[in-house]
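Asks: Can you read through this structure? Questions will come right after.
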Amino acid sequence: MNSPAHNRSEQIAIDASAKWPVLLFFGSALFWLLLGGVMQLAAAMQLHQPGFLAGCEWVTHGRLAPAAQNALVYGWGMNAAFAFGLWLMARLSVTTLRHGGWLFVAVKFWNLGVALGVLGIMGGYSTSFELLEMPRFVSLLLLASYALIGVWAVTTFSIRNTENVYASQWYLLGAAFWFPWLYGIAQVMLFKAPVRGVLQPVVNAWYAHGLHNLWFVPFALAAAYYFLPKILGKPIANYYLAALAFWWLAVTTAFAGGSRLIGAPVPVWIPTLGIVANMLVVVGVVIVALNLFGTLSGRLEAVKGSLTLRFILLSLVGFVLAAGMNLALSLRGFAAVAQFTVLDSLRDWLTFYACFSTAMFGAAYFFLPRLTGREWRSPLLIRLHFGATALGVLLLVVGLGCAGWQQGHLLNDAGVPFVEITRAMSFWFAFRTVVLGLLLLGHVAFLINFVWIACPISSQGTAAAVFRAPPHLSIEAHAPAGHSLKGVGP
Amino acid sequence: MKNGLALFLGVLATLALSWVGLLLTAHRQIGSLGQFKDPTDEILYPQPLSGLADQGRLVYQDLGCVTCHTQQVRHEGFGSDLARKWGERGGYARDYIRDQTVLIGQNRLGPDLRNVGARIPDADYFYKLLYAPESRFAGAPIAHGMPAHRFLFDVRPLAGRQPSAHALPLAGPDAPGPGVEVIPTARAVALVAYLQGLKDTYDYPIERSRNTPAPKEGGH
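Keeping their order, the protein sequence lines are chains B and S. So for the first sequence, my numbering puts the first residue at 1; every next one is plus one. So for the second sequence, my numbering puts the first residue at 491; every next one is plus one.
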């Protein structure tokens, strides 16, 4: 019904309405990515240099590490998800983002909440519950600002001008409702009316697993389902299976949190249910892989040419690896070695960084030029960012995999004194610091490019977000080739 | 999928299912688990923490000890927690009902602390661990890689007074020098009281039978 030209002008109107809210969210996200990254680097350094920053209570390892984690998850992760989610929801619903002024209020209060939370952890008000360490009063601020943000995503969806609801929209809408529920319930059951005894770790595991797999993963998948057909100009392979994958993943991952409690002093059905759920998740992952890798098959040349697709491919690999890690940690034999080691901590990092964050980088390389109407300025920095990210993910997966395996075997050998284990791990901790530094370097490169493209007074850039720009991938000619095809978003 | 309402309801239903199926069911099952009265000595177990130890729990929480330490002893046949003498038995859910916040942890960059009070009765060990973790206690190295928590201590000049009875007995490179003493602050005292109070030494007769794994088939 829409001619490509009409379509393009519609997209320009949508992008214009989303420009400032999205830029603000993404700008704050990058601020936290850098700050959190520096804190994470310092905390990682403390593990092999215990004297580093040990004298100051605010940055003792027990506070700095969770503060960094919270800055990254709630500062970078959530802000980036908001930026990408609002933009994509407006685009897929073919409607402008209305009343964006409220989003300016929301972005300020959200970031104020994160700042207070991170400072609260460092100042000694941590609750010590994983990913819920922020002091209690901050949660109200975060929930209230989230309500302001989520409401625009849902409103935008409800005034959509499309007949079909596309796969990316399911994931976005699902995540929009899952997060406040997960967060609200965790707050009530842990702090407002705390449950007793080991139920607290159960609630915590349910929340931590939900936050990663029902909030961050859906955003990564929404990005993949959107960008693959759009940039490749072909529909999703076996699209009819996508709905099954969505519901399958939603139901099974919601139950999988118990798998984090294998061997813990909880009723044994809780981890068992989680183990079963994690095995069932595999079916959903296979369908998603059929959809997405099926779409990619035979088109790897195009992936090489598009920066966004390179990151999306990285994110898909991260998605599969994270699912594999969840499954492996559910197997008792593997868990008996890997539990409580750095390999265990790789699980959430894979979801959060390798799957989600890379997808957001890819998305940003697509939407930022379209929102600002400029090109990326430095191809060198783009290359640096992608190279550092890809290499960093590879090194960290391999390195922490080896490290965790060694640590687990040493832990299980009661003859090895504990002091010897931490000595043996020193090398790997130093290795991790180096890799985190490499990732941070990539982030700095990205930030510089972002400032160039987003800052209203800087001059026009020249680098397209494609390495060898085929003519049909430039901005102006970027009509969605397969718009009328099933499985391609508008 | 075309129907937004169905999508919305489905999305809510999926999480509601896991909330009811996991959290509420678990709450129904063990949410009202109570203390156990020992038939012989008529004492209720687990015994509550002392007031000072409970303050120490708050210090444990605010310093983020859970970042590197677990508080859970896994049962025989899964890991080597018992072989490492981190407990005399695997943990039961009932052990934790005395704790206001249950921090079982998920990282063992440091050793498990669930029974550290039973393992190490000496308060001086903990003070030394917090002040100078790389030093030695009774000839053996205390820890490697743990950051010092010197901010939990006051270093003050003697100024001709007798040294305090609470001053840390430090020697070697960690000693503060002549005429100066190191005194634990109230927070350090509370934290050490908490660590000393961490012990699940009572074995519940009702739990023992419930938590023993069934004998392997074919085994004798």
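All C-beta atoms, glycine included, are put in the ideal place defined by N, C-alpha and C.
For S:Phe568, return the contacting residues in chain B, with the cut-off set at a CB-CB distance below 9 Å.
Replies: Ile262, Gly263, Arg332, Ala335, Ala336, Gln339
Asks: Since S:Phe641 meets chain B, which of its residues come closer than 8 Å, beta carbon to beta carbon?
Replies: Gly55, Cys56, Glu57, Thr60
Asks: Using the Cβ count rule (16 or more neighbours within 10 Å means buried), how would you classify S:Thr675?
Replies: When all chains shown are included, S:Thr675 counts as exposed.
Asks: Suppose contacts are defined by Cβ-Cβ distances below 8 Å. Is S:Tyr535 in contact with B:Pro265 by that definition?
Replies: no
Asks: So, at 6 Å on beta carbons, what are the nonlocal neighbours of S:Arg547 in its own chain, with the 5 sequence-adjacent residues on each side left out?
Replies: Take S:Arg547, set aside five residues on each side of it, and the residues of its chain with a beta-carbon closer than 6 Å to its own are Tyr684, in chain order.
Asks: Relative to chain B, which residues along the region 515-547 of chain S have a C-beta separation below 7 Å, given in chain order?
Replies: Ala516, His517, Gln519, Ile520, Gly521, Leu523
Asks: At a Cβ threshold of 8 Å, is S:Arg626 touching chain B?
Replies: For S:Arg626, the answer is no, since every Cβ of chain B falls outside 8 Å of its Cβ.
Asks: Within 8 Å, do at least three Cβ pairs link the region 377-391 of chain B to the region 231-250 of chain B?
Replies: By the C-beta criterion, the region 231-250 of chain B is judged not to be in contact with the region 377-391 of chain B, since fewer than 3 inter-stretch pairs fall below 8 Å.
Asks: Answer yes or no: does any C-beta atom of chain S fall closer than 8 Å to that of B:Val266?
Replies: Yes, its Cβ sits closer than 8 Å to a Cβ of chain S.
Asks: In this structure, does DSSP put S:Ile673 in helix, strand or coil?
Replies: DSSP places S:Ile673 in strand when its eight states are reduced to three.
Asks: For the alpha helix (DSSP H) containing B:Phe104, list its first residue and its last residue.
Replies: B:Phe104: member of the alpha helix (DSSP H) spanning 101-122, first to last residue.
Asks: Against chain S, with Cβ distances strictly below 8 Å, would B:Leu280 count as a contact?
Replies: With 8 Å as the cut-off, B:Leu280 does not count as an interface residue toward chain S.
Asks: Taking a contact to mean a Cβ-Cβ separation below 8 Å, would you say S:Gly494 touches B:Val165 in this structure?
Replies: yes
Asks: Leaving aside the five residues before and after B:Gln69 along the sequence, list all residues of the same chain whose C-beta is less than 6 Å from its C-beta, in chain order.
Replies: none
Asks: Drop a sphere of 10 angstroms on the beta-carbon of B:Ser357, count the other beta-carbons inside from all chains shown, and report buried for 16 or more, exposed for fewer.
Replies: buried
Asks: Starting from the Cα of S:Ile533, find the closest Cα among S:Arg698, S:Ser699, S:Arg700, S:Tyr694 and give me that residue.
Replies: S:Tyr694
Asks: Have a look at the DSSP bridge pairing and note the partners of B:Lys234.
Replies: Answer is none; B:Lys234 lacks a bridge partner.
Asks: What is the residue span of the beta strand (DSSP E) that S:Phe643 lies within?
Replies: 643-647 is the extent of the beta strand (DSSP E) around S:Phe643.
Asks: Under the rule that 16 or more other beta-carbon atoms within 10 Å means buried, what is S:Lys527, buried or exposed?
Replies: Exposed, since its Cβ has fewer than 16 Cβ neighbours within 10 Å.
Asks: Would you say B:Ala338 and B:Gly404 are within 8 Å of each other, going by their C-beta atoms?
Replies: yes
Asks: Unbroken alpha helix (DSSP H) runs of length 4 or more, entirely within the region 534-604 of chain S: which are they?
Replies: 541-552
Asks: How is B:Ala469 classed by DSSP in three states: helix, strand or coil?
Replies: Reliability of the predicted coordinates at B:Ala469 is poor, the pLDDT of 41 falling under 50, and the value obtained from them is presented with this limitation in mind. DSSP places B:Ala469 in coil when its eight states are reduced to three.
Asks: Output yes or no for whether 8 Å exceeds the beta carbon distance between B:His48 and B:Ala430.
Replies: yes
Asks: Name the residue from S:Phe627, S:Ala503, S:Gly650, S:Asp602 whose alpha carbon lies nearest to the alpha carbon of S:Gly613.
Replies: The residue you asked about is not Gly; residue 613 of chain S is Ala in the sequence shown. Measuring from the Cα of S:Ala613, the nearest candidate turns out to be S:Phe627.
Asks: When the distance is taken between beta carbons, is S:Phe641 closer than 8 Å to S:Ile673?
Replies: no
Asks: Quick check: B:Phe227 and B:Gly362, are their CB atoms within less than 8 Å of each other?
Replies: yes
Asks: Taking the C-alpha atoms as reference points, what is the distance between B:Asn204 and B:Leu249?
Replies: Rounded to whole angstroms, the separation of the alpha carbons of B:Leu249 and B:Asn204 is 20 Å.
Asks: Would you list, in chain order, the members of the region 112-135 of chain B that have their beta-carbon closer than 8 Å to a beta-carbon of chain S?
Replies: Ile121, Gly124, Tyr125, Ser126, Thr127, Ser128, Phe129, Glu130, Glu133
Asks: Would you check if there are 3 or more beta carbon pairs closer than 8 Å linking the region 138-155 of chain B to the region 206-226 of chain B?
Replies: no
Asks: With a 10 Å radius around its C-beta and 16 neighbouring C-beta atoms as the bar for buried, classify B:Gln407 as buried or exposed.
Replies: buried
Asks: Rounded to the nearest angstrom, how far is the Cβ of B:Gly401 from that of B:Arg432, given a contact under 8 Å?
Replies: With 8 Å as the limit, B:Gly401 and B:Arg432 do not qualify as a contact, their Cβ atoms being about 12 Å apart.
Asks: Taking 8 Å as the threshold (beta carbon to beta carbon), is B:Gly401 in contact with chain S?
Replies: no
Asks: At the level of alpha carbons, what is the spacing between B:Met78 and B:Val397?
Replies: 24 Å
Asks: With a threshold of 8 Å, are at least 3 pairs of Cβ atoms found where one atom belongs to the region 592-611 of chain S and the other to the region 552-560 of chain S?
Replies: yes
Asks: Check whether chain S comes within 8 Å of B:Gly257, counting only Cβ atoms and requiring the distance to be less than that.
Replies: yes
Asks: With 8 Å as the threshold, decide whether the Cβ of B:Ser484 is near any Cβ in chain S.
Replies: Reliability fails at B:Ser484, whose pLDDT of 34 lies under 50, so the model's placement of it is uncertain and the value that follows must be treated cautiously. No, its Cβ sits nowhere closer than 8 Å to a Cβ of chain S.
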